[in-house]
Structures are given as structure tokens and as C-alpha cells.
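> Order-wise, the sequence lines are chains A and B. Residue 262, in numbering that gives the first Met the number 0, is where the first sequence stops; the numbers in between run on with no holes. Residue 302, in numbering that gives the first Met the number 0, is where the second sequence stops; the numbers in between run on with no holes. Using N, Cα and C, we set each Cβ at its ideal position, and we do this for glycine too. If you scroll down you'll find the structure; I have some questions about it.
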Amino acid sequence: MIKALFPKISRRFLRVWQRNLTVYKKTWKVSFLPPLMEPFLFIVAFGIGLSAIVEDLTYRGIKVSYIDFIIPALLGTTIMYNAFFETSFASFVRMRYQKTFDAMMATPLNLEEIITGEIAWSATKSFIAATLMIVGVGILGLIDNLSILLVPLLALLGGFAFGATGMFFTSIVPNIETFNLPMFLFITPMFLFSGTFFPLETLPQWAQGIALALPLTHLVRLTRAATLGIYHLSLLGSLAYLLLYSLFFYPLALKKMQKRLIK
Amino acid sequence: MTPIVEAKNLKKTFGAFTAVEDVSFHIVKGECFGLLGPNGAGKTTTIRMLYGYTPLTSGALKLFGEDLEPNLRKLKYRIGVCQQENNLDPDLTVLENLQVFARYFDIPKSEARTRIDRLLEFFALNNRSKALFTDLSGGMRRRLVLARSLINNPDLLILDEPTSALDPQTRQQVWSRLLELKKEGLTILLTTHYMEEAYRLCDRLLIMDQGKVLVEGKPGELIDRYVGREVLEIDSPDQKLRDFLISQGYMFDDLGTRLMIYNHNCRELFDAIEKVFDHKNCMLRMGTLEDVFLKLTGRDLRE
Ligand SMILES: Nc1ncnc2c1ncn2[C@@H]1O[C@H](COP(=O)(O)OP(=O)(O)OP(=O)(O)O)[C@@H](O)[C@H]1O
Ligand SMILES: [Mg+2]
């Protein structure tokens, strides 16, 4: 089915993915630290600091501590930031300044494979970051439910969704500074208002409606279900949402990139 | 024998602007073919069409006897490209740059290693294999791009200004490397702004300007045809000398402070001038490809 939908893409996109892995392996000693350390920072600041004034919450009828409430949010936002950053700023640097895509175009790779490889890599970055963060959470002794181990899988899906979004913006921004716009207007509001650090239900009805249209809301619903072990049918809706969202932005990014680079 | 490259009436427009128009040429096996022209002539655009980076607006393109478009992937395995810019991976070492590229061509790891060692040796980079790209000099970077373009043992090597920014020593070294490859039967397409390079390396060449072909031919023949074996240059000529040349029926290119006389028996004229005028400012020299180039494309600066 994938072959029929995207006839120009072969497994060669893995070569592009592999190139990024090769570069990552050279810097992993630095790059693996932030996701590992982040839970400590946030949990100290939000969890321990805030939980002194924030009481336990009721999430889907179950009492959870504030720390337990925000751990899945940290996982979800980390997934979002890692993938989005990779296909926006990092891909843009490769495309515009390092001319990496140009060099690849002189090989058997085609543009669709290059873009797919980049997005696949961004999902991998989310996967790595989420996994490291789970280790961090584990070190803090804050794992409630072993189904937290499903989060890396969610990171692949969420990473792909946000990676495709980042690539879409890369295909239309005139320069690297312009990424501040989607950062400020899209990513940061999502970070704050997607049922991340306070329950959606505390928002007015109209704001809840908007939040439900945003991908991070659905990703955090899923990560929260995994970390708390609370399952409900509407999770299927969130899964479907992320799939459809990806199926919209991925082909769009391919098409727009084609338009930008093939002259 | 089927030509390695067969380009017919290539045309490329960017919006309303025509970058390449009606360019046709062919390259046979083992030949080195040059694409010359001032800045903005359309050399890079032509080359980009050849390796499928840029789609043609119109025209037909065959590589190794096969239509390019439907066979692009297969054909790209057989082409090596040295692009105009040094687009190496700044995060990787010399060795890694080549390894990553070898993977794009599905070359197995051990085979890649053998080829890389040979290429690094060939381009005198073997002591630098662990250096980061950012630590290389401009000349080393260029040689690394050249080495990279050979990683897939191409049947056609496409070089966009391979020796730009190289010092004379390195340039000579690259020339001899390219001649070696040519001797081994490699077909090469080359663009350059160095006329000496084109003269030494190219069996045939094409001079283009503003997207169109001006002439095509063998370097020696083009020199004979457009400027002659010998060229006489006269620096700051006085009116008397000008009058003399006109009265004798000599045609000259007037550059204001300098006159260039082509296509005549310049030696005779040189002797004649020597008898009558102070000949200090007179120089008799061999005609070069540079003369042909300047004569055909004009001496104005390009934007
Ligand atoms: N993507 C593009 N969009 C619009 N114009 C372009 C594009 N690429 C090239 N051009 C224009 O086409 C013309 C030919 O450019 P090209 O790069 O082929 O020249 P060139 O002969 O390689 O020049 P140089 O010697 O400076 O490398 C130039 O006027 C250039 O501005
Ligand atoms: Mg050029």
C-alpha cells in the first residue's frame, strides 16, 4: 500500500537516515545528555516545587499526583521538540548551508527519499530522547506502570507527525529566522495548552475545542495512558488523529519540498 | 558506437528567464569534453540537466544510449559528479565523508574501504583521512570532492570547475590525475574558467554564452580558426602606428590602450613595425584558447 501511495520512494531513504545516524554517533556524548537530564530539571521545578502548592489531580476519575501527571507531558513535548527541531532548523541547515541535499541528488537517491530519510531520522531522534527520558524517570523511581515502555513506540508515531510538520515549514520558510514564527505560534502554545501541565478540562469550552484539534494533545493523551496505565476507547481516536495528521503533512512536505528544490 | 552523452536542443527556463537554449552536443567514450563560457553562461544549468538535478524544459537527453528521465536511477549509478560547490559534510572526517557517499551507491563496506584508500592515495589525501572537513584547506576540500565523485567507479565523470580555488601546484597535480583517468578510458565532461586547463585536458569543447552555443570544436582548430597561430599585441599605440596598420589593411581589435591583431601573418608585421617604430610595446606570442574565448564572448564584465 505504501508503495502505491508513494511510488518514487524506495528503501534507499534509509541511507539518508544512516547518514544522520553517523553524524549523531559522533556527538552522542553531548546529545544524549539533555533528554536524560531534562526530567530532573522539570521534576524538581514543576513537580517538587509546584506540587507543594498543587494538590493531587483527578484524571479520568483517578487520583494522580502532580508529578505523575506531568511526566507523560514531558515525554510528549520532548517527542515534539526533538522531531520538530530536527526537520526544521537542522534540516534547513543541511539544505541551505551545508548543501547536503544537493550532494545527495548527484547519487542514486531522489528528493523524496532524502526528505523521507530526514523525517524518519527525526522520528528516531524522538525515539532516542523518549527512551533516555524514561531511563531518567526510572532513575528517579517514578515509574508507576510498565506500560511506560510503550512510549518509545508512540515516539515513533508522534516523531513522524512532528517531523513531517517541521519539514513542511522547512519547505516554505524564506530563511532560518522565520522558524521562530511556527515556534511561537504553534509549538509553544501547544507545549502549554495541550493538557500538558494542567488538565484540559480547566480550560473554557472553546479553548478545549482548539486544543483537541492540536496534535500534541493527542500525543500526550496517549503517553499519559501509557505512563499511568489508564486505557479508554478515545485513545483509538487519538491514535487515528495522529495517523491522519501524518498522512496529511508527510505528502504535503514532499510536495512542497519538490516545489522548493526542483527548479 | 553509441555516444556516452547525447544532448539535443536542451532548453531550460526559470520563469521568464531562459538560462539554456538550444544546446546540443555529444560526447563519445574516452573523450574529455569541455563546456566553457563566462559567468552565468548556463554551464552549471546544462550539467545539472545531465545528472537529473534539474528537469529539462525541452530537448532530449540520452546517457549511454538510454533516455535519461525514465532510467535516471539506473544511470545515476554510472555517473560521478563533482559539483561546483564543496558540499562536503562538515560534521564528518575525510574518511567518513567518503564512506557515507559509498553507502548512497550501495557499495559494500569492505569494497568501499579499498576504493577509499586508493582514492585518498590518488589525490594525496591519505595522511588526512582522520581530519575533519573543517580542518582542510580549500585545495584539500576540492580534492576530496573530486575523490568523492569517483567513489562509484563512474563511466562518466562530470566536473563543474574542478580546479577553482586551487594553487598552481595542486591544479597541475589534478590535471595529471585527470589525464591518467582519461588514459584509462574514462569519459569526462568538464567546465572550467581556466583556458589552459581546457586546452590541456579537452579533446573537444564548446563555448557558450547567455545560454547559447557559440562554437564547438577541437581546441587547436578553434585557435587556428579564430585567432591564428600567432597574435600580436601592441601596448599603448600612438596614432602613427594606428594609421600605419590601417593603411596596410590590418584588422585589429581595439581595446583602447591595447591593440590585438589576429589571423594575420603577425611575424611579418612584427618585423615591419620593428623597422619603422619603436617596438618596445609590441609583443608577438602564440594564439591561445583565451584569445578565442575573449574574441567570441567579448571583453565586457558579466553581471
Ligand atoms: N534556480 C534558478 N532560478 C533562477 N535562475 C537561475 C537558477 N539557476 C540558474 N539560474 C540563472 O541561469 C543562468 C545560468 O546559470 P549557471 O549557474 O548555469 O551559469 P554558469 O555558466 O554555471 O556560471 P558560473 O561560471 O558563474 O558558474 C544565470 O543567469 C543564473 O542566474
Ligand atoms: Mg557554474
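(1) Using 10 angstroms around the beta-carbon of B:Glu183, count the other beta-carbons present and answer buried if the total reaches 16, otherwise exposed.
(2) Are the CB atoms of A:Leu218 and A:Ser237 within a distance shorter than 9 Å?
(3) Applying the 10 Å Cβ sphere with the 16-neighbour rule, what's the burial state of A:Leu73?
(4) Would you check if the stretch 50-58 of chain B and the stretch 196-204 of chain B touch, i.e. whether three or more CB-CB distances between them fall below 8 Å?
(5) I believe A:Asp143 touches A:Leu227 by the beta-carbon criterion, under 8 Å. Please report the beta-carbon distance rounded to the nearest angstrom.
(6) According to the neighbour-count rule (16 or more other Cβ atoms, all chains shown, within 10 Å of its Cβ), is A:Asp101 buried or exposed?
(7) Go through its chain and collect everything with a Cβ distance to B:Leu67's Cβ below 7 Å, but skip five positions before and after it.
(8) Tell me whether B:Gly210, by its Cβ, gets closer than 8 Å to a heavy atom of ligand 1.
(9) Are three or more beta carbon pairs between the stretch 74-88 of chain A and the stretch 163-180 of chain A nearer than 8 Å?
(10) Nearest to B:Val226 by alpha carbon, out of B:Thr17, B:Asp252 and B:Ser235?
(11) Go through its chain and collect everything with a Cβ distance to A:Phe125's Cβ below 6 Å, but skip five positions before and after it.
(12) Would you mind telling me which residues of chain B sit closer than 7 Å to A:Lys262, beta carbon to beta carbon, in chain order?
(13) Using CA coordinates, which residue listed in B:Gly216, B:Ala111, B:Asp88 and B:Ile106 is at the minimum distance from B:Leu131?
(14) Quick check: is the beta carbon of B:Glu68 nearer than 9 Å to any beta carbon in chain A?
(15) Between B:Glu322 and B:Leu258, is the Cβ-Cβ spacing less than 9 Å?
(16) Using CA atoms only, rank isn't needed, just tell me which of B:Gly255, B:Val291 and B:Phe243 is closest to B:Val275.
(17) Please confirm if the stretch 22-41 of chain B is in contact with the stretch 169-186 of chain B, defined as three or more CB-CB distances below 8 Å between the two stretches.
(18) Show which residues of chain A have a CB atom less than 8 Å away from the CB atom of B:Asn86.
(19) Does the Cβ-Cβ distance between A:Leu56 and A:Pro198 come in under 9 Å?
(20) Classify A:Thr76: buried if its beta carbon has 16 or more other beta carbons within 10 angstroms, exposed otherwise.
(21) Please look up how many angstroms separate the CB atoms of A:Ser146 and A:Ala225, rounded, as I've assumed it's under 8 Å.
(22) Go ahead and pull the three-state DSSP assignment for B:Ser57.
(23) Once DSSP output is grouped into helix, strand and coil, what is the label at B:Glu20?
(24) Any chance you could list the alpha helix (DSSP H) runs of at least 4 consecutive residues sitting entirely within the stretch 128-211 of chain B, in chain order?
(25) A:Leu108 touches chain B at which residues, Cβ-Cβ below 8 Å?
(26) May I ask you to list, following chain order, the residues of the stretch 8-26 of chain A that have a beta carbon less than 7 Å from some beta carbon of chain B?
(27) Assess contact between the stretch 10-25 of chain B and the stretch 153-172 of chain B, defined as three or more Cβ pairs (one per stretch) separated by less than 8 Å. Is contact present?
(28) Which residue spans inside the stretch 42-130 of chain B form an unbroken alpha helix (DSSP H) run of at least 4?
(29) Using DSSP bridges, identify the partner residues of B:Glu229.
(30) Could you tell me which residues DSSP puts in a beta bridge with A:Thr57?
(31) Is the closest heavy atom of ligand 2 to the C-beta of B:Lys217 under 8 Å?
(32) Going by beta carbon distance, what residues of the same chain come within less than 6 Å of A:Phe161, once the five residues before and after it are set aside?
(33) I need the boundaries of the alpha helix (DSSP H) containing A:Thr164, first residue and last residue.
(34) Rank B:Leu49, B:Asn86, B:Thr53 and B:Leu97 by C-alpha distance to the C-alpha of B:Ile78 and give the top, closest one.
(35) Using the Cβ count rule (16 or more neighbours within 10 Å means buried), how would you classify A:Thr201?
(36) Find the nearest neighbour of B:Gly219 within the set B:Ser136, B:Asn96, B:Glu289 and B:Ser175, judged by alpha-carbon distance.
Taking the definition as stated:
(1) exposed
(2) yes
(3) buried
(4) no
(5) 6 Å
(6) buried
(7) Gly51, Leu60, Lys61 and Leu74
(8) yes
(9) yes
(10) B:Asp252
(11) Residue identity check: residue 125 of chain A is Ser in the sequence provided, not Phe. Correct list, in chain order: Ile78, Asn81, Ala82, Ala154 and Gly158.
(12) Phe13 and Thr53
(13) B:Asp88
(14) no
(15) Nothing about residue 322 of chain B can be read from this structure; chain B reaches only from 0 to 302.
(16) B:Phe243
(17) yes
(18) Gln97, Lys98, Thr99, Asp101 and Ala102
(19) yes
(20) buried
(21) 5 Å
(22) strand
(23) strand
(24) 137-148, 167-182 and 194-200
(25) Tyr103
(26) Arg14, Gln17, Arg18, Thr21, Val22 and Lys25
(27) no
(28) 42-49, 71-75, 93-103 and 108-121
(29) B:Met285
(30) A:Lys62
(31) no
(32) Met79, Ala82 and Phe83
(33) Val150 to Ile171
(34) B:Leu49
(35) exposed
(36) B:Glu289
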